[in-house]
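Please read the structure below before turning to the comments.
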Amino acid sequence: MVLTLQIVLVITSLLLTVFVLLHKGKGGGLSSLFGGGVQSNLSGSTVVEKNLNRYTVVMVIIWIACIIALNLITALS
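Going left to right, the sequence shown walks through residues 1 to 77 as the UniProt record's numbering numbers them.
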């Protein structure tokens with residue numbers, strides 16, 4: 001059980017890193033330094049961006065649940 005939760009935690013951590021890096025820059029950060037800010041302001045929120053937001057939220061929920069479950073198992077052992 002603990003090993004399974006640890007594996008899921010590592011996988012969700014890697015996926016969260018990838019999903020966060022796939023998001024468009026919202027301006028004011030490093031993305032606007034190279035001219036990306038103008039382009040991101042002209043384009044609206046796409047379906048892909050909305051789905052990426054949903055996947056990111058699902059991964060965060062799974063990640064937090066794994067951390068809480070691992071802490072509970074460790075505390076009860």
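We treat Cβ as the ideally placed atom computed from N, Cα and C, and that holds for glycine.
Since the model is a prediction, treat every value here as computed from it, not as a measurement.
{"Item": "Using the C-alpha atoms, what's the distance from residue 4 back to residue 16?", "Value": "18 Å"}
{"Item": "Taking only the alpha-carbon atoms, compute the straight-line gap between residue 62 and residue 12 and give it to the nearest angstrom.", "Value": "7 Å"}
{"Item": "Sort 23, 75, 72 by Cα distance to residue 165 and report the nearest one.", "Value": "For the chain, the structure presents residues 1 to 77; residue 165 sits outside this window and is missing."}
{"Item": "Taking DSSP as the reference, what is the three-state secondary structure of residue 30?", "Value": "Below a pLDDT of 50, predicted positions are generally treated as unreliable, and residue 30, at 49, falls in that range; no measurement from the model is reported."}
{"Item": "Apply the 10 Å Cβ neighbour rule to residue 1 and answer buried if 16 or more other Cβ atoms are within range, or exposed otherwise.", "Value": "exposed"}
{"Item": "Between the beta-carbon of residue 66 and the beta-carbon of residue 9, is there less than 8 Å?", "Value": "yes"}
{"Item": "Keeping to the same chain, check which residues put their C-beta closer than 8 Å to that of residue 69; ignore five residues upstream and five downstream.", "Value": "5"}
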